[in-house]
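Chains as they are written, first to last, in numbering that gives the first Met the number 0: chain A, 0 to 168; chain B, 0 to 168.
Working notes, beginning with the structure itself.
Number of protein chains: 2
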Amino acid sequence: MGGNDHHNLEDIQMKVIHEFSKTLEMFGLSMADSRLFVTLYLHPSPMTLDEMSSALGKSKTAMSTGIRNLSDQGLVERVWKKGVRKDLYTSTANLYKTFMTSYIQKWQTAVAEQEKELSAVEGQMKENFKGCVKQMEKDEAVLLQERMQEMIHFHTRLLKALQSLQPAP
Amino acid sequence: MGGNDHHNLEDIQMKVIHEFSKTLEMFGLSMADSRLFVTLYLHPSPMTLDEMSSALGKSKTAMSTGIRNLSDQGLVERVWKKGVRKDLYTSTANLYKTFMTSYIQKWQTAVAEQEKELSAVEGQMKENFKGCVKQMEKDEAVLLQERMQEMIHFHTRLLKALQSLQPAP
DNA sequence: AATTACGTACAGTTCAAACTGTACGTAATT
DNA sequence: AATTACGTACAGTTTGAACTGTACGTAATT
């Protein structure tokens, strides 16, 4: 058979971490951050930086920055436990909702921003090229304007599509 | 005012290329490939490698590999014109549909693949850990199995969501 | 048949992201 | 108050992607 038989828990966990990370990578996370997330997700209890470090075989510094990334995106939470000095982190509950919401949010913000920029430029164009002298430049300007309307329309449709993806509350 | 006033066509084109490329980057293209695509998209006629090269100020080799990437994803088409020796390329028509279809396709393939992998591993687990000795390992295995079901469910929902995004024909 | 024009394979370079180890500031423990 | 434990800022290193220029194979032109 192929090389994909895994016999102990450790092996299986690693395989699972790797596979699922590939999916999360599609949500814009780096492979490193994805793996960190999945590690937390599969761990029965919140973890310290040192635990993550030895679980993944990377430096504590790497864990620290990784956690910050995940935290910024709301994918990971800090947990308090009485008597424990170290910081503890878990993956947020509700995998699907968390990821979809976070991802869609990111897209919406970015797409809206870019639509704004393009619309602004479109406005400028109208002003600047009203009385264009050379025929050739005029033609080009007309095409550009057409394309820009298409691009803006593209963004509008994107936003609508994103809205429809919003997971139910 | 801010530094965002653009007075000639060249400036505006560059700004538009840059902004729209940021959107396309979210579809998994590199910034370089995005810019190449948008350049084609804004150009009134199909372009040769040399034209792209001078339009973007990059080497012809870079254009060649960029075009291949875009071509692989069905975002760009080769065009024949009588009497012209050089290869000519255009962006495919129907911006929104092209990108959505290509992107969704990519996701579907990847997600389905990873779901398959995870399901396979789940099968293996059931076999290997039926009669698990130590209690601790057993608990871990149970958790892992639970999580894996969640992950697989995650993929299933993703596929459904992707399906709903499919642009109308 | 010889030459020219074209696209791309390949080796080398540049630059940014990921990572490591050390150093430091702060909070807990003694 | 002194010491220890912790998280992170920072500088340096490694790794991979983007890019360049050269070299080569193939097809068109002469």
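No residue lacks a Cβ here, since even glycine has one placed at the ideal position from N, Cα and C.
Since the structure is predicted, the reported quantities are computational estimates derived from the model, not experimental observations.
Proximity test, Cβ basis, 8 Å: residue i and chain A
{"i": "Lys-57 of chain B", "result": "no"}
{"i": "Leu-41 of chain B", "result": "yes"}
{"i": "Trp-79 of chain B", "result": "no"}
{"i": "Met-0 of chain B", "result": "Bear in mind that the predicted position of Met-0 of chain B carries a pLDDT of just 42, short of 50, making it too unreliable to give a figure here."}
{"i": "Glu-76 of chain B", "result": "no"}
{"i": "Leu-35 of chain B", "result": "no"}
{"i": "Met-124 of chain B", "result": "yes"}
{"i": "Leu-48 of chain B", "result": "no"}
Distance between residue j and residue i (C-alpha atoms, nearest Å)
{"i": "Ser-70 of chain A", "j": "Glu-76 of chain A", "result": "7 Å"}
{"i": "Ala-92 of chain A", "j": "Met-13 of chain B", "result": "43 Å"}
{"i": "Asn-7 of chain A", "j": "Leu-28 of chain A", "result": "28 Å"}
{"i": "Pro-166 of chain B", "j": "Met-135 of chain B", "result": "49 Å"}
{"i": "Trp-106 of chain A", "j": "Lys-133 of chain B", "result": "46 Å"}
{"i": "Glu-50 of chain A", "j": "Ala-31 of chain A", "result": "16 Å"}
{"i": "Ala-119 of chain A", "j": "Arg-146 of chain A", "result": "14 Å"}
{"i": "Lys-96 of chain A", "j": "Gly-73 of chain A", "result": "12 Å"}
{"i": "Ser-44 of chain A", "j": "Phe-153 of chain B", "result": "21 Å"}
Delimiting residues of the beta strand (DSSP E) encompassing residue i
{"i": "Thr-89 of chain B", "result": "87-90"}
{"i": "Arg-77 of chain B", "result": "75-78"}
Start and end residues, alpha helix (DSSP H) containing residue i
{"i": "Arg-156 of chain A", "result": "134-164"}
{"i": "Val-120 of chain B", "result": "94-127"}
{"i": "His-17 of chain A", "result": "8-24"}
{"i": "Lys-59 of chain A", "result": "59-71"}
{"i": "Ala-183 of chain B", "result": "Residue 183 of chain B is absent from the model: chain B starts at 0 and stops at 168."}
{"i": "Thr-47 of chain A", "result": "Segment: none, Thr-47 of chain A is in no alpha helix (DSSP H) and carries neither H nor E."}
{"i": "Ser-33 of chain A", "result": "30-41"}
Short CB-CB distance (under 8 Å) between residue i and chain B
{"i": "Val-110 of chain A", "result": "yes"}
{"i": "Pro-45 of chain A", "result": "no"}
{"i": "Leu-69 of chain A", "result": "no"}
{"i": "Thr-64 of chain A", "result": "no"}
{"i": "Ala-61 of chain A", "result": "no"}
{"i": "Met-13 of chain A", "result": "no"}
- What residues in the stretch 142-166 of chain B bring their beta carbon closer than 8 Å to a beta carbon of chain A? Going along the stretch 142-166 of chain B in chain order, one finds Leu-142, Leu-143, Arg-146, Met-147, Glu-149, Met-150, His-152, Phe-153, His-154, Arg-156, Leu-157, Ala-160, Ser-163, Leu-164 with a Cβ nearer than 8 Å to chain A.
- When you check each C-beta in the stretch 81-107 of chain A against every C-beta of chain B, which residues fall closer than 9 Å? Leu-94, Tyr-95, Phe-98, Met-99, Lys-105, Trp-106
- Item | Validate contact between the stretch 9-23 of chain B and the stretch 34-50 of chain B using beta carbons, cut 8 Å, 3 pairs | yes
- Query: For the 8 Å Cβ check, are there 3 or more pairs between the stretch 108-124 of chain A and the stretch 57-74 of chain B?
  - Reply: no
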